[in-house]
Amino acid sequence: MIVAFKRLRKAVLPVAGLGTRFLPATKAIPKEMLPVVDRPLIQYAIDEARAAGIEQFCMVTGRGKTALIDHFDIAFEVEQNLAARGKEEALAMLRSAAMEPGSIVTVRQQVPLGLGHAIWCARAFIGDDPFAILLPDDLVLSDTPCLQQLAEIYRETGGNVVAIEEVPMAHVNRYGVLKTGAIEGNLVEVLGLVEKPQPEVAPSNLSIIGRYVLRPEVIEHLARMERGAGGEVQLTDAMAKMIGGAPFHGLKFDGRRFDCGDKVGFLEAQIAFALQRPDLAAAVREFLKQYQVN
Ligand code: G1P
73 MIVAFKRLRK AVLPVAGLGT RFLPATKAIP KEMLPVVDRP LIQYAIDEAR
123 AAGIEQFCMV TGRGKTALID HFDIAFEVEQ NLAARGKEEA LAMLRSAAME
173 PGSIVTVRQQ VPLGLGHAIW CARAFIGDDP FAILLPDDLV LSDTPCLQQL
223 AEIYRETGGN VVAIEEVPMA HVNRYGVLKT GAIEGNLVEV LGLVEKPQPE
273 VAPSNLSIIG RYVLRPEVIE HLARMERGAG GEVQLTDAMA KMIGGAPFHG
323 LKFDGRRFDC GDKVGFLEAQ IAFALQRPDL AAAVREFLKQ YQVN
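If you count by my numbering, then the sequence shown holds residues 73 to 366, one letter each, in order.
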């Protein structure tokens with residue numbers, strides 16, 4: 073018997089963070105507008121979601137994030153100017169990134185109470201539907217978009233799926249960490265989840281990175297506003313409460329993840345993404361030779 077689960081069509085993008093690690097660059101612009109090569113981080117996340125079949129988007133914003141909303145509007149003056157000057161290629165690029173009217177909404181997280189609280193702020197948008205979460209700081213370079221890989225597992229199981237990767241044991245206190253059950257290839261059964269454990273007590277070094285497909289029940293758990301690690305309302309804690317209900321898996325995704333919330337990770341992403349670009353790769357390879365130290 074084939075069971076049809078509700079189709080995954082919605083994504084929530086939490087973008088309320090202050091970006092203090094990138095000051096002064098983020099003094100007047102949101103950190104999600106920082107470009108990797110020539111695309112802002114937020115657009116990588118939206119493009120990845122669209123590639124995975126997502127049709128409706130909700131950005132959870134905060135004060136000072138207007139540029140993110142403008143970015144997904146039509147830039148009428150820019151387009152007119154490009155058209156007048158015959159810049160067809162640039163025009164086509166802008167138009168291909170244009171959003172379907174009404175497909176993107178925003179809600180505000182008025183107070184920074186944590187990732188779980190940010191997701192809860194999108195509860196009216198989520199309703200009774202499964203939804204994806206993309207944290208734009210985590211950028212994934214892969215042949216099949218990372219969220220699409222998760223969406224395929226959701227289509228098969230109808231359950232919760234998070235993207236995971238092994239991190240050095242000393243770094244587990246930066247992540248949500250899995251207690252693992254059965255392992256089948258890249259798919260890991262989740263038996264427990266702990267947010268930012270100390271290495272001595274961490275159940276594994278398999279850590280969640282910023283891609284999730286969740287069932288809407290998570291909102292009921294978030295609504296209790298229980299405080300976890302760092303005194304914040306943690307998404308990981310609410311997800312942990314869903315274990316034992318619907319299937320819950322971690323997927324060791326194919327691809328490379330860059331932590332663009334970190335300066336070194338951000339710089340590495342610039343190089344890795346530039347090397348993927350036919351128009352830039354040769355020149356980048358050439359200049360990199362000058363920096364080889366050994
Ligand atoms: C958040 C989550 C954490 C996850 C991480 C992935 O942490 O709380 O579980 O592993 O994103 O990037 P943050 O980076 O907001 O501290």
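Glycine residues also receive a C-beta, built at the ideal position from the N, C-alpha and C atoms.
- Spatial neighbours of S279 in its own chain (CB-CB distance under 7 Å, excluding positions within 5 residues in sequence) are listed in chain order as I236, E237, V239, V244, Y247, G248 and V249.
- For a cut-off of 8 Å, the C-beta gap from G333 to D209 is around 4 Å, short enough to register as a contact.
- L154 and E160 have their C-alpha atoms spaced approximately 7 Å apart.
- L263 is the residue among M241, L263 and D215 whose C-alpha sits nearest the C-alpha of V234.
- For Q364, same chain residues with a beta-carbon under 6 Å away, outside a window of 5 residues either side, do not exist.
- Remark: the shortest separation between the CB of T308 and any heavy atom of ligand 1 falls under 6 Å.
- Across the structure, V266 and A242 are spaced so that their CA atoms are roughly 15 Å apart.
- Pairing T92 with M131 gives a Cβ-Cβ distance that is not under 7 Å.
- The Cβ atoms of P86 and A190 sit closer than 7 Å to each other.
- In this structure, the C-beta of Y116 stays at least 6 Å away from each heavy atom of ligand 1.
- Residues of the same chain with a CB within less than 6 Å of the CB of E120, apart from the 5 flanking positions on each side, are P217 and L219 in chain order.
- Rounded to whole angstroms, the gap between the alpha carbons of V150 and R157 is 11 Å.
- E127 and A139 have their C-alpha atoms roughly 21 Å apart.
- Taking all protein chains shown into account, P102 has 16 or more neighbouring C-beta atoms within 10 Å of its C-beta and is therefore buried.
- When the beta-carbon positions are compared, D309 and G300 come within less than 7 Å of each other.
- Exposed is the label assigned to V273, since fewer than 16 other Cβ atoms lie within 10 Å of its Cβ.
- For F330, the three-state secondary structure derived from DSSP is strand.
- One thing to note: G199 has its Cβ no nearer than 7 Å to the Cβ of F77.
- Closer than 6 Å to some heavy atom of ligand 1: that describes the Cβ of G282.
- By the Cβ neighbour-count rule, K361 is exposed, with fewer than 16 other Cβ atoms within 10 Å of its own.
- Taking the Cβ atoms as the reference, I281 lies roughly 11 Å from R328, outside the contact range of under 8 Å.
- Taken from the Cβ of G327, every heavy atom of ligand 1 lies 6 Å or farther away.
- The region 290–354 contains, as complete beta strand (DSSP E) runs of 3+ residues, the segments 320–324 and 328–331 (chain order).
- In the three-state reduction of the DSSP assignment, C218 falls in the helix class.
- By the C-beta density criterion, F359 is exposed, having fewer than 16 other C-beta atoms within 10 angstroms.
- Between K324 and N232, the alpha-carbon positions lie close to 14 Å from each other.
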